[in-house]
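Enquirer: Read top to bottom, the protein sequences are chains F and V.
According to numbering that gives the first Met the number 0, the first sequence is numbered sequentially starting from 0.
According to numbering that gives the first Met the number 0, the second sequence is numbered sequentially starting from 0.
Before I ask anything, here is the structure I am working with.
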Amino acid sequence: MKATVVQFPGCNRDRDMIAAITKIGGIAPQLAWHTDTELPESDLIVLPGGFSHGDYLRAGAIAARAPVMNAVRAAADKGVRVLGVCNGFQMLTEAGLLPGSLMRNSGLTFICKEVILEAVNTKNMFTERYNKGEIIRCPVAHHDGNYFADAKTLNQVEDNGQVAFRYAEGTNPNGSLNDIAGVFNAEGNVLGMMPHPENLIESAHGGEDGRRLFESVLGVLEREAA
Amino acid sequence: MSVNNTRPITPELVAEHGLNEEEYQRIVELTEREPTFTELGIWSAMWNEHCSYKSSKKWLKTLPTEGPQVVYGPGENAGVVDIGDGDVVVFKMESHNHPSFIEPYQGAATGVGGILRDVFTMGARPIAAMNALRFGEPDHPKTKHLVSGVVSGVGGYGNSFGVPTVGGEVNFHPRYNGNILVNAFAAGLAKADSIYISKAEGIGLPVVYLGAKTGRDGVGGATMASAEFDDSIEEKRPTVQVGDPFTEKCLLEACLELMATGAVIAIQDMGAAGLTCSAVEMGARGDLGVRLNLDDVPVREENMTAYEMMLSESQERMLMVLRPEKEAEAKAIFVKWNLDFAIVGETTDDLRFSIHHQGEEVANLPIKELGDEAPEYDRPWVEPGTHSPQEPHVFAPPDDYSAALLHLIGSPDLCSRRWVWEQYDTLIQGNTLQLPGGDAGVVRVEGHDTKALAFSSDVTPRYVEADAYEGGKQAVAECYRNLVATGAKPLASTDNLNFGNPEKPEIMGTFVAAIRGIGEACLALDMPIVSGNVSLYNETNGEAILPTPTIGGVGLIDDWNSMARIGSADAGDVLFLVGTEATHLSQSIYQREILGEETGPAPEVDLQMERARGEFVLAAIRSGYASACHDISDGGIAIALAEMCMASGEGATCDLAITYPHAALFGEDQARYIVAVDDEWANMFAANSEGSGVSFERIGTVGGDKLIINDLVDISVEDLKTAHESWFPNFMGQQQFADAAE
Numbered sequence: 000m001k002a003t004v005v006q007f008p009g010c011n012r013d014r015d016m017i018a019a020i021t022k023i024g025g026i027a028p029q030l031a032w033h034t035d036t037e038l039p040e041s042d043l044i045v046l047p048g049g050f051s052h053g054d055y056l057r058a059g060a061i062a063a064r065a066p067v068m069n070a071v072r073a074a075a076d077k078g079v080r081v082l083g084v085c086n087g088f089q090m091l092t093e094a095g096l097l098p099g100s101l102m103r104n105s106g107l108t109f110i111c112k113e114v115i116l117e118a119v120n121t122k123n124m125f126t127e128r129y130n131k132g133e134i135i136r137c138p139v140a141h142h143d144g145n146y147f148a149d150a151k152t153l154n155q156v157e158d159n160g161q162v163a164f165r166y167a168e169g170t171n172p173n174g175s176l177n178d179i180a181g182v183f184n185a186e187g188n189v190l191g192m193m194p195h196p197e198n199l200i201e202s203a204h205g206g207e208d209g210r211r212l213f214e215s216v217l218g219v220l221e222r223e224a225a
Numbered sequence: 000m001s002v003n004n005t006r007p008i009t010p011e012l013v014a015e016h017g018l019n020e021e022e023y024q025r026i027v028e029l030t031e032r033e034p035t036f037t038e039l040g041i042w043s044a045m046w047n048e049h050c051s052y053k054s055s056k057k058w059l060k061t062l063p064t065e066g067p068q069v070v071y072g073p074g075e076n077a078g079v080v081d082i083g084d085g086d087v088v089v090f091k092m093e094s095h096n097h098p099s100f101i102e103p104y105q106g107a108a109t110g111v112g113g114i115l116r117d118v119f120t121m122g123a124r125p126i127a128a129m130n131a132l133r134f135g136e137p138d139h140p141k142t143k144h145l146v147s148g149v150v151s152g153v154g155g156y157g158n159s160f161g162v163p164t165v166g167g168e169v170n171f172h173p174r175y176n177g178n179i180l181v182n183a184f185a186a187g188l189a190k191a192d193s194i195y196i197s198k199a200e201g202i203g204l205p206v207v208y209l210g211a212k213t214g215r216d217g218v219g220g221a222t223m224a225s226a227e228f229d230d231s232i233e234e235k236r237p238t239v240q241v242g243d244p245f246t247e248k249c250l251l252e253a254c255l256e257l258m259a260t261g262a263v264i265a266i267q268d269m270g271a272a273g274l275t276c277s278a279v280e281m282g283a284r285g286d287l288g289v290r291l292n293l294d295d296v297p298v299r300e301e302n303m304t305a306y307e308m309m310l311s312e313s314q315e316r317m318l319m320v321l322r323p324e325k326e327a328e329a330k331a332i333f334v335k336w337n338l339d340f341a342i343v344g345e346t347t348d349d350l351r352f353s354i355h356h357q358g359e360e361v362a363n364l365p366i367k368e369l370g371d372e373a374p375e376y377d378r379p380w381v382e383p384g385t386h387s388p389q390e391p392h393v394f395a396p397p398d399d400y401s402a403a404l405l406h407l408i409g410s411p412d413l414c415s416r417r418w419v420w421e422q423y424d425t426l427i428q429g430n431t432l433q434l435p436g437g438d439a440g441v442v443r444v445e446g447h448d449t450k451a452l453a454f455s456s457d458v459t460p461r462y463v464e465a466d467a468y469e470g471g472k473q474a475v476a477e478c479y480r481n482l483v484a485t486g487a488k489p490l491a492s493t494d495n496l497n498f499g500n501p502e503k504p505e506i507m508g509t510f511v512a513a514i515r516g517i518g519e520a521c522l523a524l525d526m527p528i529v530s531g532n533v534s535l536y537n538e539t540n541g542e543a544i545l546p547t548p549t550i551g552g553v554g555l556i557d558d559w560n561s562m563a564r565i566g567s568a569d570a571g572d573v574l575f576l577v578g579t580e581a582t583h584l585s586q587s588i589y590q591r592e593i594l595g596e597e598t599g600p601a602p603e604v605d606l607q608m609e610r611a612r613g614e615f616v617l618a619a620i621r622s623g624y625a626s627a628c629h630d631i632s633d634g635g636i637a638i639a640l641a642e643m644c645m646a647s648g649e650g651a652t653c654d655l656a657i658t659y660p661h662a663a664l665f666g667e668d669q670a671r672y673i674v675a676v677d678d679e680w681a682n683m684f685a686a687n688s689e690g691s692g693v694s695f696e697r698i699g700t701v702g703g704d705k706l707i708i709n710d711l712v713d714i715s716v717e718d719l720k721t722a723h724e725s726w727f728p729n730f731m732g733q734q735q736f737a738d739a740a741e
């Protein structure tokens, strides 16, 4: 299995993501730079969190127009799995690879805390190791995580089973519509989510609920490789 | 268009530069003629209080700064301390008080940016940040605006840069109404064999400008920070710099990449007094001259004068002496990160600081004298007065102890700071083991299986006001205690000394006494001062802040699997008080919040006892039989117990030995801890306490959903939490409403 983490100037959870993939998958991911026009052969492409280009203009907006994003789009079109976490999620919506957009948190401040999530659609290679309806812990850390989509898009997302995770039991930290914390694309090979599963993978983090997301997506890849 | 350097030097102009007549005469002597306008700016930048420490140097020299663990003490960008296995921790605390009062968001943001740069200039990747914030009384019309701006500024910079903020302080007091304090701490991790310092070596080597472009922001900022405020303060807004955390993050990565290539001979960040201070420091330390050509300095505004370029405090900039053969490699790194890289001068052998602009030499000054010959004052000072002790019976007891405890736990200085720290990224880098809200923030050491570092910042300004010597000792002792309570061995500390106008003998006396206390405590507790910062002239219209010498401490945890937390007690655990029954209510939170007075002496700190109890508690935690631990500080043992209950969600039933109930519950006697011990180990813990001669008392048991203390206190943990968590959101909620209505 080959995972690639794409780095943009201003990314800062790329190191957390690289550590999580290395610890769980057993192999360090390949790295790509935002100006690259081609990506190494990959089974999983990850757009990590942070403040690419300082979040200037709009969170993820400048990164979404970086040269490397053409290669990400081409790979996604071919069915390669793409995971965007936090700023990576914002890039994917800005690039049109995922529906909806992420607005300023309803409380208007940055928020870093642990929330609980409901695993909504678990018939997917990203989430298959969670049980449908399972409640898991996961931290969030963002300023612009308020998921919004117009009524038609929102209905489609719900009807197609594109909701991956919802904030559970009144923990919606940012005003997201339908408590949406993470969404798939229509094909199910692109996942964007605001919470940070990479920050809850080992005992030092006080829990391991984020681990199964990586086990799912990396484990599936291992089976395919075998 | 050329800009001229011929503005006549008048007495008014000299005064505007914060220089007195005597200082100016000395400048003329050292320059060997009347200085040019640019030269006057350079002298004033180097000789202001902020850069020269002219009022404080004499006393700072008395602080203990050495120890086998100390690699670099004060004098570099940050202190460097050995943590074993070839790793070092690099840390410092620095104030950004004046700018934060004028423009809270940018003032606080650039304070965080400045301290991060101090750490990564030395080759360390920042791994933790803290912020000690002090505001005026909550009801003051500016307070909410300042809290909101400072907290979002701290978060806005630190979160974007990508460093976890793991601790700090937030306090309120009317004496900060006109001068808030923003003390920013940062720590980084580096390898002992790849530390970079500012001392340049070699003649004729390129001096390289790195990072962001130079603008007019912050011109004269350091001089502003060396003066009192008056009502014209709004006019000073243009002297506050604007931060760009994105550029700083790129600069971090570029600098670390550059250092790995071996291209760097010396490097210095451009902080206060920007280009002037950094160039002079690199040259003077290395016994070299520096020649700069300002035409090559990257600028973002047109027609900047030499004066403006030399005094600009634009952020996210560095100056470096480069190995010439590595130029192409070095430049490529900065191009990759889209940062400026410009050779702006060279080192020389003439010990002159020579500045060229538009074909003209605009300054030529003796480089060593700029720093070394700065005035050093032995300012007149008077020994602060003392207060006679007050027995517990002179303080009125509360009518209802439960109500008093609920009131205190929900008061501005003791309530939960969650509203603040949830706006900071506390988790980034994936190494945070203990969040704000406990005794100390804890971060594991990347690349090591078991080691972690603990960080705490402490001072109790009302104690320092009452007794500067004891208050100085107490600041260090409380920091020591907070580190110990997690299971960390305290290693070293940094000091951020915030005081009023040193030209007033009473203020200077407080400063001198506080330093004496800090020095004694650092020596006794083996926490040498390895870096620091002095902020004087914190006065508005003649009223000074409470004396606030903030201590930032760093401790080492050998194995984080056995560290203690405030909230890790389990039902059935036995609670021990390490220490004795409290009797000291003078200057306590109880006295201030319940009785509405602040009188009497500060609690005394017995440093030998402090160390003996600290070492005992540390050994208990490291041996694994302390399931939870918390130090007893503001508000006394009742508050400490309540905090442990709220953190664990478990109640406790306690039966304390009591002479004066209100003093026993709320007294603020020092050197005390609460330790929770598994029932199975309780007898062993007691036997060990006796064996080591440490006073202790078995005070109760963990469990249930209420905190019960004798027949005095009976409150549900839920009610405690509600009171504790409500104050800050309610207070700031009104702010949001007010902003929306505007």
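Where is the CB? At the ideal position from N, CA and C, for every residue including glycine.
#1: Which complete beta strand (DSSP E) runs does the region 566-613 of chain V hold, if anything under 3 residues is left out?
#2: When we look at the beta-carbon of W32/F and count the other beta-carbons within 10 Å, is it buried (16 or more) or exposed?
#3: Checking the sheet assignment: what are the DSSP bridge partners for M317/V?
#4: So L490/V and G554/V are supposed to be a Cβ contact under 8 Å. How far apart are they, rounded?
#5: Identify every run of the beta strand (DSSP E) within the region 71-121 of chain V, keeping only runs that are complete inside it and at least 3 residues long; order them along the chain.
#6: Taking the C-alpha atoms as reference points, what is the distance between E345/V and I126/V?
#7: In this structure, how does DSSP classify T30/V when only helix, strand and coil are distinguished?
#8: What are the complete alpha helix (DSSP H) segments, minimum 4 residues, inside the region 32-69 of chain V?
#9: Rounded to a whole number of angstroms, what is the C-alpha to C-alpha distance between T459/V and P205/V?
#10: Of all the residues that make up the region 6-37 of chain F, which are near chain V by a beta-carbon distance shorter than 7 Å?
#11: Count the other C-beta atoms from every protein chain shown that fall within 10 angstroms of the C-beta of L46/F, then say buried if there are 16 or more, exposed otherwise.
#12: Hey, could you find the ends of the alpha helix (DSSP H) I17/F is sitting in?
#13: By DSSP, does I427/V sit in helix, in strand, or in coil?
#14: Since T164/V sits in a beta bridge, which residues does DSSP pair it with?
#15: In this structure, does DSSP put N4/V in helix, strand or coil?
#16: For V27/V and A474/V, what's the separation of their Cα atoms in angstroms?
#17: Is there at least one Cβ from chain V nearer than 8 Å to E133/F's Cβ?
#18: Apart from the five residues on each side of it in sequence, which residues of its chain come closer than 7 Å, Cβ to Cβ, to I366/V?
#19: Quick one: give me the first and last residue of the alpha helix (DSSP H) that C85/F is part of.
#20: Checking contacts by CB at 8 Å: is L350/V closer than that to chain F?
#21: Can you say whether D399/V is buried or exposed, counting buried as having 16 or more other CB atoms within 10 angstroms of its CB?
#22: When the cut-off is 8 Å and only beta carbons count, does G429/V lie next to chain F?
#23: Under 7 Å Cβ-Cβ, which residues of chain F neighbour E830/V?
#24: Let me check one thing: in DSSP terms, what residues is M102/F bridge-paired to?
#25: Strictly below 7 Å CB to CB, what residues from chain V border Y108/F?
#26: Output, in chain order, the set of chain V residues within a Cβ distance shorter than 8 Å of P297/F.
#27: Whole angstroms are fine: how far does the CA of L59/V sit from the CA of E592/V?
#28: Do the region 156-164 of chain V and the region 522-538 of chain V meet, that is, are 3 or more Cβ pairs less than 8 Å apart?
#29: Please report the distance separating the alpha-carbon of P66/F from that of D35/F.
#30: Here's the rule I'm using: 16 or more other beta-carbon atoms within 10 Å means buried, otherwise exposed. How should H195/F be labelled?
#31: Is it the case that the Cβ atoms of T275/V and I41/V are separated by a distance below 8 Å?
#32: Scan the region 54-71 of chain F for residues whose Cβ lies nearer than 9 Å to a Cβ of chain V and list them as they occur along the chain.
#33: Would you please verify whether the beta carbon of N158/V is less than 8 Å from any beta carbon of chain F?
#34: If we require 3 or more residues per run, which beta strand (DSSP E) segments fall completely within the region 155-221 of chain F?
#35: Using 8 Å as the limit for Cβ to Cβ distance, is C85/F near chain B?
#36: What three-state label does DSSP hand D630/V in the structure shown?
Expert: Quick answer:
#1: 573-577
#2: exposed
#3: L209/V and D268/V
#4: 6 Å
#5: 78-83 and 86-94
#6: 34 Å
#7: helix
#8: 36-46, 48-51 and 56-59
#9: 48 Å
#10: P8, G9, N11, R12, R14, D15 and A18
#11: buried
#12: D13 to G24
#13: coil
#14: A128/V
#15: coil
#16: 43 Å
#17: no
#18: V279, G282, A283, G288, V289, L350, R351 and F352
#19: Premise fails: C85/F is in no alpha helix (DSSP H) and is neither H nor E.
#20: no
#21: exposed
#22: yes
#23: Nothing about residue 830/V can be reported from this structure: the residues present for chain V run from 0 to 741 only.
#24: N145/F
#25: Looking at the sequence itself, residue 108/F is Thr, so the reference to Tyr does not match. The answer, in chain order, is S151 and Q422.
#26: In the structure as shown, chain F begins at 0 and stops at 225. Residue 297/F is therefore absent and cannot be evaluated.
#27: 35 Å
#28: no
#29: 6 Å
#30: buried
#31: yes
#32: D54 and Y55
#33: yes
#34: 162-166, 179-183 and 189-192
#35: Structure shown: chain B not included; protein chains present are F and V.
#36: strand
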